[in-house]
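Q:
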Amino acid sequence: MLPFLLAGPLARIGYLDALGPALAGAELAEDLPLFAAALAYKVLGATARGWRRGEGDGEAAAAFAGLRPPVHEEELTAFARAVRPALPVLDGVLALAVCRGHDPADPLLLTGADGLLLVDARGVFPIAWAADAAALLPYWRHCGRPPVLVCDGPLPPGTLRELASADVPFLTGVRPLRGDPATRLPWRTPLWTGTAGRGPDLRLAAELPGHADRLAGLVAALVAERRAVPLARYGELERTVTLAAALGLSTIAWTLWRDRETPDPLLALDRFADLEATVRFESAAVRVRVPMGRRHADLLRGGLLADVPDVAWLGGRTLTFSGG
């Protein structure tokens, strides 16, 4: 069921509208279901030993993609190679949507994960994934030049220097390398700042550990534990569907729980991972029936069971939800 819940949040930011033209431009329109299958795998079971699917995950991914099971791994691997030129368009749609909704008073998070991952701190909404800090600076500027909390992770060399040279105010618990322009705060907890002459924000210093823990959990769950295309040589599709899945999970968590607890995408992953559903394919619609209960009621109140029209990988059919 959980993969189907990603469709609504992605449709609302225009991602689904961009998906069909992006793949058509790369002459891959017929392979849209493979993109959907890769996306589904990001919120299904963890891949054992980095490549082995859990029992039933293949059937669930195929149902979301509108394919007959199984989804063949060699087809996904070939698709991951061919689709690379189309992916920057999709990543750009997602980044622009999150940047537009960011409050400049709130920080961004940055962590190392096969490059650098930039995230909106409040809801752990992903923004962009790039090889180095310089490539992320346009997104930081579009977010209103907020402070950046640099979290634990294997940072590419020169990350702190690139941030400082662009006048990015940052705070980090990551020990700087020799020559990095960072000043240690005079507290017992080791924290460093690069604030370009501005004093450190004590509120952000207090919030950094919590933000870092949530981001580390997201990276572990969606990057390390779940592989969409484990046999692919190229990682662009893996990163794109990771961003899309994280955006969907973050939207669900923010919508349902921000008023009563800290919204965390892993809450959505944990609380809806075992929610079952019945899927029926019709000529004009794909109908998903969700069991009645508290989770159905929460999703319905949050508007997360609204119809999603013209789903590209379902041949333009409408995705509908009902209870029963």
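When we follow this note's numbering, the leftmost residue of the sequence shown carries the number 4, and every step to the right adds one. Heads up, the beta-carbon is just placed ideally off N, CA and C, and yes, glycines get one too. These numbers come from a predicted model, not from an experiment.
Does the region 77 to 84 touch the region 221 to 235, meaning 3 or more C-beta pairs lie closer than 8 Å?
A: These segments touch.
Q: Touching or not, the region 70 to 79 and the region 281 to 291, by the rule of three or more beta carbon pairs under 8 Å?
A: As far as the Cβ criterion goes, the region 70 to 79 does not touch the region 281 to 291, which means the pair count is below three.
Q: Quick one: which unbroken beta strand (DSSP E) runs of 3-plus residues sit fully inside the region 95 to 136? Chain order, please.
A: If you keep only unbroken beta strand (DSSP E) runs of at least 3 residues inside the region 95 to 136, you get 111 to 115, 119 to 123 and 128 to 133.
Q: Pick out the complete beta strand (DSSP E) segments inside the region 176 to 228, 3 residues or longer, and give them in chain order.
A: Here the runs fully enclosed are 195 to 197.
Q: Suppose you measure from the CA of residue 166 to the CA of residue 269; what does that come to, to the nearest Å?
A: Their Cα atoms are separated by approximately 29 Å.
Q: Taking all protein chains shown into account, do 16 or more other C-beta atoms lie within 10 angstroms of the C-beta of residue 157, making it buried, or fewer, making it exposed?
A: exposed
Q: Counting beta carbon pairs with one atom in the region 18 to 31 and one in the region 86 to 98, are three or more of them shorter than 8 Å?
A: Contact between the region 86 to 98 and the region 18 to 31 is established, with three or more Cβ pairs separated by less than 8 Å.
Q: Sorted by chain position, which residues of the same chain lie with C-beta nearer than 6 Å to residue 100's C-beta, five sequence neighbours on each side aside?
A: 16
Q: What three-state label does DSSP hand residue 286 in the structure shown?
A: coil
Q: What do you get for residue 266, buried or exposed, if any count of 16 or more other CB atoms within 10 angstroms of its CB means buried?
A: buried
Q: With a threshold of 7 Å on Cβ separation, who are the neighbours of residue 309 within its own chain once the five nearest residues in sequence on each side are excluded?
A: 11
Q: In three-state terms, what does DSSP make of residue 254?
A: If DSSP states are grouped into helix, strand and coil, residue 254 belongs with the helices.
Q: Using the three-state DSSP reduction, which class does residue 269 fall into: helix, strand or coil?
A: helix
Q: Can at least three beta-carbon pairs, one atom from the region 110 to 126 and one from the region 135 to 144, be found at a separation below 8 Å?
A: yes
Q: Our contact map puts residue 73 next to residue 42 with C-beta atoms below 8 Å; I'd like the distance itself, whole angstroms only.
A: In fact, because the Cβ distance is near 17 Å, the residues do not count as touching under 8 Å.
Q: Could you give the DSSP three-state label for residue 56: helix, strand or coil?
A: Residue 56 sits in coil when the DSSP states are folded into three classes, being neither helix nor strand.
Q: How about residue 316 and residue 63: are their beta carbons less than 8 Å apart?
A: no
Q: Within the same chain, show all residues whose beta-carbon is closer than 6 Å to that of residue 115, passing over the 5 residues directly before and after it, in chain order.
A: Closer than 6 Å at Cβ, skipping near neighbours: 156, 157 and 158.
Q: Taking all protein chains shown into account, do 16 or more other C-beta atoms lie within 10 angstroms of the C-beta of residue 205, making it buried, or fewer, making it exposed?
A: exposed
Q: Within 10 angstroms of its Cβ, does residue 300 collect 16 or more other Cβ (buried), or is it exposed?
A: exposed
Q: Near residue 4, what residues of its chain come up, given a Cβ to Cβ distance below 8 Å and the 5 sequence neighbours on each side ignored?
A: For residue 4, the CB contacts under 8 Å within the same chain, skipping 5 residues up- and downstream, are 275, 278, 279, 280, 291 and 293 in chain order.
Q: Secondary structure at residue 318, three-state DSSP: helix, strand or coil?
A: Of the three classes helix, strand and coil, the one that applies to residue 318 here is coil, per DSSP.
Q: If I follow the unbroken beta strand (DSSP E) through residue 278, where does it start and stop?
A: No beta strand (DSSP E) contains residue 278, which DSSP labels as neither H nor E.
Q: Report whether the distance from the Cβ of residue 108 to the nearest heavy atom of the ligand FMN is below 7 Å.
A: Only the bare structure without any ligand can be found here, which leaves the ligand FMN out of the picture.
Q: Suppose contacts are defined by Cβ-Cβ distances below 8 Å. Is residue 241 in contact with residue 230 by that definition?
A: yes
Q: Is residue 192 buried or exposed, if buried means 16 or more other CB atoms sit within 10 Å of its CB?
A: exposed
Q: Do residue 110 and residue 160 have their beta-carbon atoms positioned less than 8 Å apart in this structure?
A: For residue 160 and residue 110, no; Cβs fall outside 8 Å.
Q: Taking just the CA atoms, how far does residue 32 sit from residue 211?
A: A straight-line Cα-Cα distance of about 43 Å links residue 211 and residue 32.
Q: Between which residues of its own chain and residue 319 is the CB-CB distance below 6 Å, once the five residues before and five after are set aside?
A: Excluding residues within five positions, the ones whose Cβ falls inside 6 Å are 313.
Q: Measure the C-alpha to C-alpha separation of residue 133 and residue 327 and round it to an integer number of angstroms.
A: Straight-line Cα distance between these residues: approximately 43 Å.
Q: Spatial neighbours of residue 243 within its chain, please: CB distance less than 7 Å, with the 5 preceding and 5 following residues excluded, ordered by chain position.
A: 90, 93 and 94
Q: Hey, quick one: how far does the beta strand (DSSP E) through residue 70 stretch, first residue to last?
A: Residue 70 -> no beta strand (DSSP E), and no H or E assigned at all.
Q: How should residue 254 be labelled, buried or exposed, when 16 other C-beta atoms within 10 angstroms of its C-beta is the threshold for buried?
A: Burial call: buried.
Q: Can you have a look at residue 186 and say buried or exposed, based on whether 16 or more other CB atoms are within 10 angstroms of its CB?
A: exposed
Q: Roughly how far, in whole angstroms, is the beta-carbon of residue 146 from the beta-carbon of residue 105, given that I think they are within contact range, below 8 Å?
A: 4 Å
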